[in-house]
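Letter 84 of the sequence shown, counting from 1, is numbered 106 in this note's numbering, and no numbers are missing.
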Amino acid sequence: MSKLDILKKDWIDIVFAGRNKEYGAYQLRKDNVKHTNRAVIIGGLIFSLAIASPIIIKYLSGFVPEDTAKKDILTEVVLASPPPVDEKAPPPPPPVEPPPPKVDQVRFPPPVVKPDEEVVEEEPPTVKELEKADPGQKTIKGDPNAEIVINTPVGEGPINQEKTEDSNQIFTNVEVLPTFPGGIEQFGKFLSKNLRYPPVARDAGIQGRVFCQFVVEKDGSLTDIKVVRGIGGGCDEEAVRVLKNSPKWNPGVQNGRNVRVSYTIPIFFQLQQ
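If you want it as structure tokens, here you go:
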């Protein structure tokens with residue numbers, strides 16, 4: 023029995039005899055052998071190129087000039103030798119002792135950690151001595167005619183220097199905190215009058231405190247209102263809405279000036295029994 027090859031052109035012509043040979047199936051079957059051979063050849067070339075690519079890259083890298091590679095440039099630094107010591111030069115003068123203070127000074131022994139056998143008892147100055155003299159590192163007789171010198175602390179400017187302020191600075195702790203007009207009781211009345219319990223939270227039985235943070239501006243208006251810890255169910259959005267409709271607060275005061283203050287306040291949502 024001979025082997026039947028249905029892909030031969032003769033069989034294809036028999037199958038499509040009397041039919042429309044312009045149909046796509048006839049063209050595909052007719053050119054199947056040619057397309058298969060072409061695909062095998064192209065696939066083999068791509069596979070061979072992928073296998074040989076490391077060898078080709080290694081071979082081509084040998085043609086790159088060495089001058090194009092980056093090289094570290096080492097610079098030798100020669101340090102000058104220190105100047106010779108002049109042995110004949112006179113030694114520097116000893117430090118000048120400061121003038122005696124206006125008030126007597128009595129030595130106050132500093133604490134020193136030593137073994138018990140090396141401890142030498144040294145009596146500290148008495149209360150009566152400290153009434154007439156200041157404690158110090160050593161005992162000095164005061165000069166009543168000496169001038170009083172007050173050292174300016176580091177970082178402080180002149181006394182008559184004009185005070186400046188940062189208009190954009192936000193304080194968290196000030197001398198006078200911002201308050202709602204009329205106090206906390208009026209704020210509670212404002213909430214009870216304007217706060218609406220969200221239906222979703224009421225149906226789900228959600229209640230608790232919503233902590234809101236905002237900035238009380240210099241004119242008492244509230245800005246940058248946000249929830250730092252919420253309970254969900256629409257209560258967070260309702261708390262922000264009420265604060266946006268709040269009247270202006272009494273602003274915070276620092277150094278006698280109104281300043282911007284960051285403020286955090288809880289708003290309590292409680293279901294009526």
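Note that the Cβ used here is the ideal one computed from N, Cα and C, for glycine as well.
Query - Opposing strand residues paired with residue 267 [DSSP bridges] - result: None; residue 267 has no bridge partner.
Report task. Measuring alpha carbon to alpha carbon, tell me which of 240, 242, 263 and 255 ends up nearest residue 248. Result -> 263
Query - Reduced DSSP secondary structure (H/G/I, E/B, other) of residue 186 - result: With a pLDDT of 44 at residue 186, under the threshold of 50, the modelled position of this residue cannot be trusted, and the question is left open.
Query raised in the report: For residue 289, which of helix, strand or coil comes out of DSSP?
Result: strand
Query raised in the report: Exposed or buried, residue 223, counting other C-beta atoms within 10 Å across all chains shown (16 or more means buried)?
Result: buried
Query - Chain-order list of residues whose beta-carbon lies under 8 Å from that of residue 200 (same chain, five-residue window excluded) - result: 238, 242, 271, 272, 273, 274, 283 and 285
Requested in this report: Can you give me the Cβ contacts of residue 261 inside the same chain, cut-off strictly under 7 Å, excluding the 5 residues immediately before and after it?
Outcome: 232, 234, 249 and 289
Requested in this report: Rank 206, 280, 221 and 266 by C-alpha distance to the C-alpha of residue 292 and give the top, closest one.
Outcome: 221
Requested in this report: Would you identify the three-state DSSP class for residue 241, choosing helix, strand or coil?
Outcome: coil
Query - Residues that DSSP places opposite residue 201 in a beta bridge - result: 272
Query raised in the report: What residues in its chain sit with their C-beta under 8 Å from that of residue 203, if we drop five residues either side in the sequence?
Result: 269, 270, 271 and 272
Report task. Flag this pair as yes or no: are the beta carbons of residue 258 and residue 252 separated by less than 9 Å? Result -> yes
Query raised in the report: Does DSSP put residue 210 in a helix, in a strand, or in coil?
Result: helix
Requested in this report: State the start and end residues of the unbroken alpha helix (DSSP H) segment that holds residue 55.
Outcome: 54-83
Query raised in the report: By DSSP, does residue 246 sit in helix, in strand, or in coil?
Result: strand
Query raised in the report: Across which residues does DSSP place residue 192 in a beta bridge pair?
Result: 282
Requested in this report: Could you tell me which residues DSSP pairs with residue 232 in its beta bridges?
Outcome: 289
Report task. Look up residue 224 in the DSSP assignment and say whether it is helix, strand or coil. Result -> helix
Report task. Per DSSP, which residues does residue 251 bridge with? Please list them. Result -> 233
Report task. Identify which residue in 106, 73 and 216 has its Cα closest to the Cα of residue 266. Result -> 216
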